[in-house]
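Here the sequence shown is numbered in this note's numbering, starting from 1 and rising by one per residue.
These notes concern the structure reproduced below.
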Amino acid sequence: MAIWDKVKEGIDKAGKAAQDVFDEGKLRIDAYRAREQADKAAEALGYAVFRATDAGGELGADARDRLMAALRAQDAEARRMETDLAAARAANGTSEASEMPASAVATAPVQQSAPPTDSAS
């Protein structure tokens with residue numbers, strides 16, 4: 001019966017490893033979605049400021065506060081998810097050299113790019 005115990009132990013280890021990979025994948029997707037939502041909130045704030053400035057005015061305090069609160073909430077959620085993902089990777093002993101650590105992603109500088117131009121004119 002000792003061989004069956006070893007087989008069962010091997011199957012249990014494989015099952016746990018598969019579950020860990022599945023859980024990490026789910027966390028990765030959740031972190032990606034949370035960062036996407038934070039990016040959309042930042043984009044909305046940027047567009048609102050741009051449009052107000054372009055119209056010769058300033059963004060109203062109510063709109064600014066509402067957009068800033070949404071951005072803060074989404075960014076906090078994204079950072080929490082990225083921290084959870086980093087903790088899961090550390091617990092599983094996995095690390096991917098091709099990916100930035102969650103702390104670097106959350107604090108990475110924003111790349112400046114030229115605004116899109118209308119090539120139809």
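Even glycine gets a Cβ: it sits at the ideal position worked out from N, Cα and C.
Host alpha helix (DSSP H) of L59 (start-end): Here the question's residue 59 lines up with position 59 in the sequence shown. First-last for L59: undefined, no H or E at that position.
Grouping DSSP H, G and I as helix and E and B as strand, with all else coil, what is A78? What you label residue 78 is simply residue 78 of the sequence shown in a count that begins at 1. In this structure, A78 counts as helix in the three-state DSSP scheme.
For V49, I'd like the list of residues in its chain whose CB is within less than 7 Å of its CB, leaving aside the five on either flank, ordered along the chain. Indexing the sequence shown from 1 puts residue 49 at position 49. Around V49: L59.
So does the segment 3-10 actually touch the segment 35-46, counting three or more Cβ pairs closer than 8 Å? no
Evaluate R51 with the Cβ neighbour count: other Cβ atoms within 10 Å of its Cβ, from every protein chain shown; 16 or more gives buried, anything less gives exposed. Working through the sequence shown from its first residue, we reach residue 51 at position 51. Exposed is the call here.
Any contact between the segment 59-78 and the segment 12-23? By contact I mean 3 or more CB pairs, one from each, below 8 Å. no
Evaluate R35 with the Cβ neighbour count: other Cβ atoms within 10 Å of its Cβ, from every protein chain shown; 16 or more gives buried, anything less gives exposed. What you label residue 35 is simply residue 35 of the sequence shown in a count that begins at 1. Looking at its Cβ environment, which holds 16 or more other Cβ atoms inside 10 Å, R35 is buried.
For my contact list, A78 and A31 are in at a C-beta cut-off of 8 Å; report their separation, rounded to the angstrom. Here residue 78 refers to the residue found at position 78 of the sequence shown. Here residue 31 refers to the residue found at position 31 of the sequence shown. Sure, about 7 Å apart at Cβ, within 8 Å.
Please report the distance separating the alpha-carbon of L27 from that of D65. Your numbering for residue 27 matches position 27 in the sequence shown. Your numbering for residue 65 matches position 65 in the sequence shown. In a straight line, the C-alpha of L27 is about 30 Å away from that of D65.
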